[in-house]
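Colleague: I'd like to ask you about the structure that follows.
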Amino acid sequence: MKQPKVNIPLLPEVLARKELYSSAKPTIIGLTREELHEKLLKIGTEPKDVKMRLNQVWRWIYQKGITNFESMHNISKPYRSLLNDHFHIRRLKISEKLISSDGTKKYLLSLDGCNEIEAVYIPEKNRGTLCISSQVGCTLNCSFCHTGTQKLVRNLSAAEIVGQVLTIKDDLNDWNPNAKPKLDKRIISNIVLMGMGEPLYNYDSVKDALHIIMDNEGIALSKKRITLSTSGVVPQIEKVGNEIGCLLAISFHATTDSIRDKLVPINKKWNIQTLLTSLRNYPKLSNSHRITFEYVMLKNINDSDEDARRLVQLISGIPAKINLIPFNPWPETLYQRSTRKRIDAFATIVNRAGYASPVRLPRGEDIMAACGQLKSASTKEKRLPKKPVEVQESQICRTNI
Ligand code: SAH
Ligand code: SF4
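Numbered by the numbering used here, the letters in the sequence shown go through residues 30 to 430 in order.
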C-alpha cells in the first residue's frame, strides 16, 4: 500500500540557513594543487590545458584576490562560465568586527550560518600578524584558556582555514593586483595558528591550508613567517617539521607534571619528558629555526624562581626562545596574572641562562582578543533531520567530529 507522504518538519534555523547558503556549487578555495588539477579535469578541461588553467586560476584567486570568475580577464569567456557553473569563490561572512584601542582587530566569522570562529589581526611596527583558528571550540580543556571552556563543535576544513586569510586580506585591503608585494609592504606579513582549537587535532586540513598559504604563486608567505602552536600532540610534531616546515610553538606552561596535568591536561597522555624528547628530535632544529616555548604567567601557580630555573634545565640543549605570556583573564576564571615584578624576575633567570625571553604584550584586551580569550557562541547542536532540504553537507553543523 502506498504510504501517505509525510512532511518532516524542518528546524527553523535550517530554513533560515537555506535562504542564506543554499548553493549547489562547492567552493574552489582550499583545494590543493593536486585536488584542483583533478577537479578541473572532471569539469571538462582539456588535459593538455589543465596545467595552464590551474596556474591561471590559482594566481587570480590567491595572488590577486578576486572574488568572482568574471574578473579572470586572461581566461576565455566560455571557460570562465564553465568554472562559474561548478564553483564559487565566496568569502566567509564577517558577523562582527571589533577594533581595540591598540589597533588590534577581532573578527567573528560565520562559517556556515550556524558556526562561528574568531580571527585576530595584530598590527605591530614592523609587521602585521594574523592569528587564525583551526577548530570551532577545542577538545582539550586547558584550565586557563577561555576557548577550552567551549566544547569542540567541529574541525575546520582547509577552505575555512584559508578562507580566514582571504576574508581578512579583503577587509584590510591587502591585495596588490599587479605584482607579488614585497613582505615589508604587506599588511599581513605573518600568520600564527594560535586562535581557537588545537591545530594538530586537525592535522590534514591544517597541512593543506598552510601549503596553499605558502605557495609561491599565491599568497606566498614563507614558512618562517608562519607559526603553528600546539599544546603538545606528540605523535604529530615530527610530521609538522617534515611535511609543513613552518615554525613551531609549544604551549609549555609548567615545569612539573603535576602542575602541567592541571593546566594542560593533554600532559596526562604525553608528559613533559615525552614532549621534550619529541622536540629534541624535531627535524631541522637549529639556531635559526628555534622552537618557541609559550609560558603563561599565572600568579602563585607556575611563576616562582624555582620554576624558572627548572624550565631552563628542562629545555637545555634545545634551540629555543621562551615567550612569557601574562595571563589574560576572562569571565569566571579563577586564575590571576602574575605581577609585572614577578614576570621580570622570571624573565631575568631565563635570560641569564642564554634564552631570549620576551614578555608578550597583551594585545586587544579591551575587546577580548588577547591570547586565550577567544570563544565563539557556537555549541554542539542536536543532529539535524537525516535529509535536510538542499543545504549542502559541508554547511551542516556536524556533531560527530
Ligand atoms: N591550541 C593551541 C593553539 C591555541 S592557544 C595551543 O594550545 O597551543 C594559543 C596560545 O595562547 C597558547 O600558548 C595558549 O596556551 C595561550 N593561552 C590560552 N589561554 C590563555 C590565557 N587566558 N592567557 C594567556 N595565554 C593563553
Ligand atoms: Fe585548546 Fe590551546 Fe586553549 Fe588548550 S590552550 S584549550 S589546546 S585552544
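Note that the Cβ used here is the ideal one computed from N, Cα and C, for glycine as well. Note that the coordinates shown come from a computational prediction; the quantities given were computed from them, not determined experimentally.
What are the start and end residues of each continuous beta strand (DSSP E) run of 3 or more residues lying completely inside the segment 266-316, in chain order?
Modeller: You should have 276-280.
Colleague: How many Å lie between Lys297 and Ile288 at the Cα?
Modeller: If you take the alpha carbons of Lys297 and Ile288, they lie about 11 Å apart.
Colleague: What distance in whole Å lies between the Cβ atoms of Gln193 and Ile161, which are believed to be in contact at a cut-off of 8 Å?
Modeller: Contact flag correct, Cβ pair sits at about 5 Å.
Colleague: I need the DSSP call for Gln179, collapsed to helix, strand or coil.
Modeller: Of the three classes helix, strand and coil, the one that applies to Gln179 here is coil, per DSSP.
Colleague: Which term fits Lys214, buried or exposed, when burial requires 16 or more other beta carbons within 10 angstroms of its beta carbon?
Modeller: It is exposed - the Cβ of Lys214 has fewer than 16 other Cβ atoms within 10 Å.
Colleague: Per the contact definition of three or more C-beta pairs closer than 8 Å, is the segment 338-358 in contact with the segment 381-388?
Modeller: Contact holds: three or more Cβ-Cβ distances are below 8 Å.
Colleague: Indicate whether Glu147 and Leu137 have their beta-carbon atoms separated by less than 8 Å.
Modeller: In contact: Glu147 and Leu137 (Cβ atoms closer than 8 Å).
Colleague: Write down the C-beta distance between Arg369 and Asp131 rounded to the nearest angstrom, noting that I regard them as a contact closer than 8 Å.
Modeller: Not really, about 18 Å apart at Cβ, beyond 8 Å.
Colleague: Ignore the nearest five residues each way along the sequence and tell me which others in Arg366's own chain have a CB closer than 8 Å to its CB.
Modeller: Taken in chain order, the residues that qualify are Met326, Leu327, Lys328, Pro355, Phe356, Asn357 and Pro358.
Colleague: Taking the alpha carbon of Asp336 as the reference point, which residue from His175, Val379 and Asp233 has its own alpha carbon closest?
Modeller: The option with the nearest alpha carbon to Asp336 is Val379.
Colleague: Please confirm whether any heavy atom of the ligand SF4 lies closer than 7 Å to the CB of Glu145.
Modeller: Because no heavy atom of the ligand SF4 lies under 7 Å away, the Cβ of Glu145 does not count as near it: no.
Colleague: Taking the alpha carbon of Ser307 as the reference point, which residue from Ile347, Lys106 and Glu63 has its own alpha carbon closest?
Modeller: The residue with the shortest Cα to Cα distance from Ser307 is Ile347.
Colleague: What would DSSP say about Gln164, mapped onto helix, strand or coil?
Modeller: DSSP places Gln164 in strand when its eight states are reduced to three.
Colleague: Opposite Glu246 in the DSSP bridges: which residues?
Modeller: Its beta-bridge partners do not exist; DSSP assigns none.
Colleague: Give the DSSP bridge partners of Phe322, in chain order.
Modeller: According to DSSP, which records beta bridges pairwise, Phe322 is partnered with Ile279 and Ile351.
Colleague: For Lys370, name the three-state secondary structure that DSSP assigns.
Modeller: Residue state, collapsed to three classes: helix.
Colleague: Could you check which residue in Leu69, Arg119, Lys252 and Tyr324 has the C-alpha nearest to that of Phe16?
Modeller: The question about residue 16 has no answer here: the residues shown for the chain are numbered 30 through 430.
Colleague: Can you tell me which of Ile344, Pro152 and Ile197 puts its alpha carbon nearest to the alpha carbon of Ala283?
Modeller: With distances taken between Cα atoms, Ala283 lies closest to Ile344.
Colleague: The ligand SF4 and Ser260: does the residue's C-beta get closer than 7 Å to at least one heavy atom of that ligand?
Modeller: Within the cutoff, so yes.
Colleague: Ile190 by DSSP, collapsed to three states: which one?
Modeller: Three-state result, Ile190: helix.
Colleague: Using a 10 Å radius around the Cβ and a threshold of 16 neighbouring Cβ atoms, would you call Thr303 buried or exposed?
Modeller: Result: exposed.
Colleague: Taking the DSSP output, what are the residues bridged to Glu147?
Modeller: Paired residues: Leu137.
Colleague: Can you tell me which of Ser124, Asn144, Arg309 and Met81 puts its alpha carbon nearest to the alpha carbon of Ser163?
Modeller: The shortest Cα separation from Ser163 among Ser124, Asn144, Arg309 and Met81 belongs to Asn144.
Colleague: Tell me the rounded alpha-carbon separation between Asn113 and Leu69.
Modeller: Whole-angstrom Cα-Cα distance: 12 Å.
Colleague: If you draw a straight line from the alpha carbon of Gly59 to that of Val191, how long is it in whole angstroms?
Modeller: So the alpha carbons of these two residues sit roughly 6 Å apart.
Colleague: Tell me whether Ala349 is buried or exposed, calling it buried when 16 or more other Cβ atoms sit within 10 Å of its Cβ.
Modeller: With 16 or more other Cβ atoms within 10 Å, it is buried.
Colleague: For Asn231, count the other beta carbons within 10 Å of its own beta carbon; 16 or more makes it buried, fewer makes it exposed. Which is it?
Modeller: So Asn231 ends up on the buried side.
Colleague: Enumerate in chain order the residues of its own chain whose CB-to-CB distance from Arg319 is below 7 Å, with the five nearest sequence positions on each side excluded.
Modeller: Cβ within range, chain order: Pro348, Ala349 and Lys350.
Colleague: Determine the DSSP secondary structure at Ile95, reduced to helix, strand or coil.
Modeller: If DSSP states are grouped into helix, strand and coil, Ile95 belongs with coil.
Colleague: Does the distance between the C-beta of Cys167 and the nearest non-hydrogen atom of the ligand SF4 fall short of 7 Å?
Modeller: Cys167 Cβ: within cutoff of the ligand SF4.
Colleague: Which class does Ala385 belong to by DSSP, given the choice of helix, strand or coil?
Modeller: Looking at Ala385 - three-state DSSP - the assignment turns out to be strand.
Colleague: For Val235 and Ser260, I'd like the C-alpha separation in whole angstroms.
Modeller: Using only the alpha carbons, I get a separation of about 15 Å.
Colleague: Return yes when at least one heavy atom of the ligand SAH lies under 7 Å from the C-beta of Phe173, else no.
Modeller: Yes - the ligand SAH has a heavy atom lying nearer than 7 Å to the Cβ of Phe173.
Colleague: Gly177 and Leu169 - do their beta-carbons sit closer together than 8 Å?
Modeller: Cβ distance < 8 Å, so Leu169 and Gly177 count as in contact.
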